[in-house]
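S.K.: Just passing along the structure, written as structure tokens.
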Amino acid sequence: MQQNNITVSSLIAECVVSTAPVTKILDFGQHAYADTFIRSDQLHLSEPVFPLQVYLNSDSGSIQLGYVSSAKDRYNLYSYSYTSSNSKTARSHWDEYAETIKSRGHTGLVVEIGSNDGYLVGQFAQGVGVDSSAEMCAIAQAKGVTTINALFDDATADTIKTTHGKASAIIANNVFNHANNPVAFARSVAELLSDTGEFVFEVPYWLSMIESGRFTDMVYHEHPTYFTIKMAWNLLKSAGLEISDFDVVDYHGGSLRVFARLNTDADMPVKIQDAIAKETRMGLFDPVFYQNLQLKFEQAKIAWLSDFYHLLSEDPDSVVIGVGAAAKANTWLKWHGLDSTVIRCITDASKHKQGKYTPLTRIPVVADEEFAQHPQPYALILSWNIGEGLRKAILNINPNTRFISQ
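Taken in order, the sequence shown gives residues 34 to 439; the numbers are from the working numbering.
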């Protein structure tokens with residue numbers, strides 16, 4: 034595949050206009066698409082690989098990847114395997130989300146961008162989904178959910194307006210951060226939104242990622258853009274929208290849930306001013322802060338690998354099984370240089386992932402019942418955001434399982 038390489042400075046300048054210099058702040062090496070899982074008939078091929086580097090525009094607060102891949106390829110070059118309703122935790126979260134939207138009076142057209150398997154948008158009487166994965170659209174359509182297979186852009190917004198009218202609510206969850214050009218994405222939202230409508234989106238919160246220390250597995254090519262309140266305010270304003278409110282919710286280790294409307298030229302709310310002040314105090318817009326953070330990540334990786342290989346050297350016949358074939362797992366494994374030579378397999382409940390292999394590291398994905406095949410296996414929890422539930426499930430299968438922490 035030919036790399037779609039856009040220079041960092043032109044990308045961030047296009048998305049949020051600013052004269053401040055663009056600085057590389059983090060470098061995680063070479064990575065494939067994190068949400069890619071390889072079929073057995075593809076094992077002789079090599080996946081597309083790109084530098085995973087993060088850049089900052091201190092003035093606008095924009096934090097984006099420096100090498101931008103094809104959005105279409107990310108979700109269609111390989112069979113897309115992620116389903117948004119694949120766990121009880123996820124389904125409970127989306128159920129609460131749907132009730133929140135309904136409680137805000139949105140009884141008309143609700144459009145979900147990145148609707149995946151249709152679980153969330155299917156809860157609205159006038160719900161329309163948009164998703165770039167043909168495979169996920171087929172799953173949603175089989176459930177009776179109206180779904181358009183397309184990237185969300187002006188043309189898609191026009192198609193929905195022509196067919197269904199303007200939207201009372203547009204929702205996008207862990208999707209806005211997937212946009213190569215988030216301002217163009219937001220402008221298309223503004224075109225589709227009714228005068229009294231709301232744009233409600235969730236994205237992983239950059240501040241929460243840093244505070245939690247769970248960081249090196251949350252950056253990957255499917256996420257070209259990373260959100261702070263400062264960045265979100267500037268970005269939406271440039272697209273004719275404005276934030277009316279936001280919450281930090283306990284999902285994906287800490288996510289922003291932002292409520293936006295068409296621009297009214299209202300003053301910036303005090304809540305948003307305070308949030309931006311906190312982000313600034315934390316150093317999120319200071320390149321020096323990230324020099325120290327990069328060093329911290331590298332030292333933590335070395336320390337973890339030292340402990341891990343020491344454990345294996347004392348128990349050379351041990352079997353290590355990863356738990357949770359998530360995108361974050363693939364980034365973390367590649368960052369730590371772990372592959373099928375040390376990780377026997379990864380278990381996952383998703384039938385869409387079982388029988389496939391992780392990108393580059395080539396670790397087979399199997400069902401959780403694999404733990405019953407070994408007397409005292411080690412479990413390495415890779416989907417840490419639902420780790421407690423996974424731990425209980427594994428112990429129910431094999432109470433002799435030993436756990437390795439990330």
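Every residue, glycine too, gets a C-beta built ideally from N, C-alpha and C.
Quick caveat: nothing in here was measured; it's all calculated off a predicted structure.
Considering only the beta carbon of each residue, do Ile-276 and Val-208 sit closer than 8 Å?
M.R.: Locating residue 276 in the sequence shown gives position 243, where the first residue counts as 1. Locating residue 208 in the sequence shown gives position 175, where the first residue counts as 1. No. Outside cutoff.
S.K.: Helix, strand or coil: which one does DSSP assign to Ala-265?
M.R.: Working through the sequence shown from its first residue, we reach residue 265 at position 232. Helix at Ala-265.
S.K.: In whole angstroms, what separates the C-alpha of Met-169 from that of Gly-177?
M.R.: The sequence position of residue 169 within the sequence shown is 136, counting from 1. The sequence position of residue 177 within the sequence shown is 144, counting from 1. Going by the C-alpha atoms only, they are around 13 Å apart.
S.K.: Going along the chain, which residues of its own chain have a beta-carbon closer than 6 Å to the beta-carbon of His-139, five neighbours each way excluded?
M.R.: Numbered from 1 along the sequence shown, position 106 holds the residue referred to as residue 139. Result list for His-139: Ser-201, Ala-202, in chain order.
S.K.: Considering only residues of the stretch 306–382, which uninterrupted alpha helix (DSSP H) runs meet the minimum length of 4 residues and lie entirely inside it, listed in chain order?
M.R.: Taking only runs of at least 4 residues, the alpha helix (DSSP H) segments lying wholly in the stretch 306–382 are 320–347, 360–369.
S.K.: Would you mind working out which of Thr-180, Asn-182, Ala-183, Asp-128 sits nearest Gln-156, comparing C-alpha positions?
M.R.: As a first step, residue 156 must be located in the sequence shown, where it is residue number 123. Of the listed residues, the one whose Cα sits closest to Gln-156 is Asp-128.
S.K.: In this structure, how does DSSP classify Arg-124 when only helix, strand and coil are distinguished?
M.R.: The sequence position of residue 124 within the sequence shown is 91, counting from 1. Reduced to three states, the DSSP call for Arg-124 is helix.
S.K.: For Leu-225, which residues of its own chain have a beta-carbon under 8 Å away from its beta-carbon, when the five flanking residues on both sides are left out?
M.R.: By 1-based counting over the sequence shown, the position of residue 225 is 192. Around Leu-225: Val-144, Ala-190, Ile-193, Lys-194, Lys-199, Ala-200, Ile-203.
S.K.: Between the C-alpha atoms of Asn-119 and Ile-305, what's the straight-line distance to the nearest angstrom?
M.R.: Against the sequence shown, residue 119 aligns to sequence position 86. Against the sequence shown, residue 305 aligns to sequence position 272. Rounded to the nearest angstrom, the two C-alpha atoms are 33 Å apart.
S.K.: Evaluate Arg-247 with the Cβ neighbour count: other Cβ atoms within 10 Å of its Cβ, from every protein chain shown; 16 or more gives buried, anything less gives exposed.
M.R.: Numbered from its first residue, the sequence shown carries residue 247 at position 214. So Arg-247 counts as buried.
S.K.: State yes or no: is the C-beta of Phe-404 within less than 8 Å of the C-beta of Ile-427?
M.R.: In the sequence shown, the residue the question calls residue 404 occupies position 371. In the sequence shown, the residue the question calls residue 427 occupies position 394. A contact, by the Cβ cut-off of 8 Å.
S.K.: Just how far apart, CA to CA, sit Glu-289 and Val-233?
M.R.: Within the sequence shown, the letter at position 256 stands for residue 289. Within the sequence shown, the letter at position 200 stands for residue 233. According to the sequence provided, residue 289 is Leu. The question's Glu does not apply to it. Roughly 10 Å between the two C-alpha positions.
S.K.: Using only the alpha-carbon positions, how far apart do Ser-165 and Lys-384 sit?
M.R.: Start at 1 with the first residue of the sequence shown, and residue 165 comes out as number 132. Start at 1 with the first residue of the sequence shown, and residue 384 comes out as number 351. Rounded to the nearest angstrom, the two C-alpha atoms are 20 Å apart.
S.K.: Which word fits Glu-421, buried or exposed, when buried means at least 16 other C-beta atoms lie within 10 angstroms of its C-beta?
M.R.: Residue mapping note: residue 421 aligns to position 388 of the sequence shown, counting from 1. Result: exposed.
S.K.: Give the DSSP-derived three-state secondary structure of Lys-199 in the structure shown.
M.R.: Reading the sequence shown from its first residue, position 166 is the one you call residue 199. Coil, per DSSP.
S.K.: So, helix, strand or coil for Lys-523, using DSSP?
M.R.: A question about residue 523 goes unanswered here, because the residues of the chain that appear run from 34 up to 439.
S.K.: Quick check on the burial criterion: 16 or more other C-beta atoms within 10 angstroms. Buried or exposed for Asp-298?
M.R.: To locate residue 298, count along the sequence shown from 1; it is residue 265. Flag for Asp-298 reads exposed.
S.K.: So, at 6 Å on beta carbons, what are the nonlocal neighbours of Ser-362 in its own chain, with the 5 sequence-adjacent residues on each side left out?
M.R.: Walking along the sequence shown from the start, residue 362 turns up at place 329. First, the amino acid is wrong: residue 362 is Ala here, not Ser. Around Ala-362: Leu-415.
S.K.: Along the chain, where does the beta strand (DSSP E) containing Phe-209 start, and where does it finish?
M.R.: Here the question's residue 209 lines up with position 176 in the sequence shown. No beta strand (DSSP E) holds Phe-209; DSSP gives it neither H nor E.
S.K.: Look at the alpha carbon of Gln-332 and the alpha carbon of His-407, and state the distance between them as a whole number of angstroms.
M.R.: The count along the sequence shown starts at 1 and reaches residue 332 at position 299. The count along the sequence shown starts at 1 and reaches residue 407 at position 374. Rounded to the nearest angstrom, the two C-alpha atoms are 33 Å apart.
S.K.: Nearest chain B C-beta to Gln-324 closer than 8 Å, yes or no?
M.R.: Protein chain content of the structure displayed is limited to a single chain, and chain B is not contained in it.
S.K.: Mind checking Tyr-108: buried by the 16 CB within 10 Å criterion, or exposed?
M.R.: Stepping through the sequence shown from its first residue, residue 108 is reached at position 75. By the 10 Å Cβ count, Tyr-108 comes out buried.
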